[in-house]
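Residue numbers (the working numbering): 1107 to 1182.
Here you go:
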């Protein structure tokens, strides 16, 4: 397993917890599986990979070239 996939899975679980205010790891994991971020083997799916990469890659020009920092939730 690649380190980037481990980072992605960890980030996805933390994202689910923060976004949906889930109380424990089991619920976070079940939710991440239910929305297809990770599969039944806890491997990152294509959907999860895209969400992780979108949230971690700098944007070229446009929205992220100015003073604002963009996240999945909007402007910071």
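Idealized CB from N, CA, C, for every residue including glycine.
Cα separation between residue i and residue j?
i	j	result
residue 1116	residue 1146	15 Å
residue 1161	residue 1129	23 Å
residue 1121	residue 1127	10 Å
residue 1124	residue 1131	12 Å
residue 1135	residue 1163	24 Å
residue 1137	residue 1118	10 Å
residue 1154	residue 1110	12 Å
residue 1143	residue 1159	12 Å
residue 1140	residue 1150	13 Å
Assuming residue i is part of the alpha helix (DSSP H), what are its boundary residues?
i	result
residue 1135	1131-1140
residue 1087	The chain is shown only over 1107 to 1182; residue 1087 falls outside these bounds and no answer can be derived.
residue 1156	1152-1162
Measuring CA to CA, which of the options is closest to residue i?
i	options	result
residue 1112	1148, 1156, 1152, 1157	1148
Leaving out the 5 sequence neighbours to the left and right, which residues in its chain are closer than 6 Å to residue i when beta-carbon positions are compared?
i	result
residue 1183	No statement about residue 1183 is possible, as the shown extent of the chain runs from 1107 to 1182 and does not include it.
Can you list, in chain order, the residues of its chain with a C-beta nearer than 7 Å to that of residue i? Leave out the 5 residues immediately preceding and following it.
i	result
residue 1114	1150, 1154, 1155, 1158
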